[in-house]
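The sequence shown begins at 0 in numbering that gives the first Met the number 0 and counts up by one. Here's the structure we're looking at; comments come further down.
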Amino acid sequence: MPNILFAARSESWNDYETPLSTALDAAGLSYTLGTDMPPEEVDYIVYAPNSDVQDFTPFTRLKAVLNLWAGVEDVVGNTTLAVPLARMVDEDGLTQGMVEWVAGHTLRHHLGMDAHIVNPDRTWDATPPPLSAHRPVTILGLGTLGQACARALITLGFPVSGWSRSAKDLPGITTHAGDEGLHKALRDAQIVILLLPDTPATTNVINAETLALMAPGAMILNPGRGPLIDDDALLAALDSGQIGHATLDVFRTEPLPDDHAYWVHPKVTVTPHIASTTRPETAARVIADNIRRAENGEALLHIVDRSAGY
Ligand code: NAP
0 MPNILFAARS ESWNDYETPL STALDAAGLS YTLGTDMPPE EVDYIVYAPN SDVQDFTPFT
60 RLKAVLNLWA GVEDVVGNTT LAVPLARMVD EDGLTQGMVE WVAGHTLRHH LGMDAHIVNP
120 DRTWDATPPP LSAHRPVTIL GLGTLGQACA RALITLGFPV SGWSRSAKDL PGITTHAGDE
180 GLHKALRDAQ IVILLLPDTP ATTNVINAET LALMAPGAMI LNPGRGPLID DDALLAALDS
240 GQIGHATLDV FRTEPLPDDH AYWVHPKVTV TPHIASTTRP ETAARVIADN IRRAENGEAL
300 LHIVDRSAGY
């Protein structure tokens, strides 16, 4: 009978206790679940990287850590963690939320909605927006979220290119990989969406050089992670007009400091890391299924490659 420790901010326990119990019951498991148990008796940790647990050494019989978040940059380098780390992949919750955020903000920029929503001079400019077929979109990161967003945008008619570390063959998407592939993916892109993890290899992937490859006036959406963007380079590109607008959900420091230039820049939209979030009901099912798999001797799903950092 596995002992499962819930190690996240204490206020999350209210949201997760019932969904986790329900999902573990439905998975046919006998278990103990709680927020406080002797470390040497814990088999699994349901984990948020901002929890008090930062030293895994006392958890001597730990079998796996099940991260509640998709991003693992705050735990992947923890040298006290010696067991498999699974990250959150939840098609019905986290992925669906990201698809909705990306589709909404892409359409906002594609259709030029802002000009009509705030129009104090009552300007009657009847120029129609182009059809989506004439608006090339590039997604950096073709993992769970990037691919799901690509499928949604393709359904809406956008030509979608994407970039990943490993070469891929994905229906309807023009794919690129590697350093040279990045330049090809960005060249003439009108809307660029960042869905890469935060690793040493992705830091500042959007910089003065890569910003200059995009079509003049390109829009950037960043629901990935703050360090993907060289902030000074982006601000300079916004000021010069090379970039038309940036909609940013994630930042190097969160909450975004009050005095940050992004808050007041007329071509920046700040959303407070709400592009997508882990939804307890659906995420609990993913976690319960992974614990069931481990208890049955099956391979865990969504294992993080600790050497790649994601
Ligand atoms: P994922 O499935 O691991 O996909 C990551 C993608 O990035 C993969 O296609 C991977 O390439 C590519 N990649 C990684 N390093 C690269 C590199 N050096 N060069 C080129 N491509 C590289 O992750 P996911 O579930 O889609 O999530 C992506 C990120 O979204 C998360 O890491 C997290 O930071 C962020 N996120 C944000 C929110 C929010 O609310 N704002 C919510 C959830 C997630 P391969 O396919 O070749 O491995």
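Here a beta-carbon is modelled for each residue, glycine too, at the ideal position from N, C-alpha and C. Being a predicted model, the structure only gives us computed values, none of them experimental.
Inset, instruction - With a threshold of 7 Å, establish whether the CB of H104 neighbours any heavy atom of ligand 1. - result: no
Legend entry - As assigned by DSSP and simplified to three states, the class of W68: Secondary structure at W68: coil, using DSSP grouped into helix, strand and coil.
Legend entry - Beta-carbon separation (whole angstroms), G171 vs I153, contact threshold 8 Å: 5 Å
Inset, instruction - Would you mind working out which of D91, T79, V71 sits nearest A380, comparing C-alpha positions? - result: Absent from the model: residue 380. The displayed extent of the chain is 0 to 309, so no value can be given.
Legend entry - Which of helix, strand or coil DSSP assigns to G225: helix
Legend entry - Nearest residue (CA-CA) to V269, options N221, L181, A236, Q189: When C-alpha distances from V269 are compared across N221, L181, A236, Q189, the shortest belongs to N221.
Inset, instruction - Compute the distance between the beta-carbons of A26 and R278, then report whether it is under 8 Å. - result: The answer is no: Cβ separation not under 8 Å.
Inset, instruction - Compare the Cα-Cα distances from T137 to each of D178, M213, A63 and report the closest residue. - result: Among D178, M213, A63, the Cα nearest to that of T137 belongs to M213.
Inset, instruction - To the nearest angstrom, report how far apart M36 and L185 are at their CA atoms. - result: 50 Å
Legend entry - Local conformation of N2 per DSSP, three classes: strand
Inset, instruction - Taking only the alpha-carbon atoms, compute the straight-line gap between A151 and L23 and give it to the nearest angstrom. - result: 32 Å
Legend entry - Same chain, Cβ closer than 6 Å to E280, five either side skipped, listed in chain order: P18
Inset, instruction - Give me the Cβ distance between L210 and A236, rounded to the nearest whole Å; I'm assuming they're in contact under 8 Å. - result: Indeed, because the Cβ distance is near 4 Å, the residues count as touching under 8 Å.
Legend entry - Residue span of the alpha helix (DSSP H) that contains A125, given as start and end: No alpha helix (DSSP H) holds A125; DSSP gives it neither H nor E.
Inset, instruction - Measure the C-alpha to C-alpha separation of G296 and S131 and round it to an integer number of angstroms. - result: Approximately 47 Å, taken between the alpha carbons.
Legend entry - Alpha-carbon spacing of T143 relative to D120, whole angstroms: 43 Å
Legend entry - A176 versus S11: straight-line alpha-carbon distance, rounded: 38 Å
Inset, instruction - Just tell me which of D248, T105, L169, P48 has its CA closest to the CA of W262. - result: D248
Legend entry - S160 CB to nearest heavy atom of ligand 1 below 7 Å: no
Inset, instruction - May I ask you to check if the CB of D288 is nearer than 7 Å to at least one heavy atom of ligand 1? - result: no
Legend entry - Alpha-carbon to alpha-carbon, I3 and T59: 14 Å
Inset, instruction - List the endpoints of the continuous beta strand (DSSP E) containing Y309. - result: From DSSP, Y309 is part of no beta strand (DSSP E); its letter is neither H nor E.
Legend entry - Close beta carbons around A7, own chain, < 8 Å, minus the five adjacent residues each side: Y15, V45, Y46, A47, N49, S50, L67
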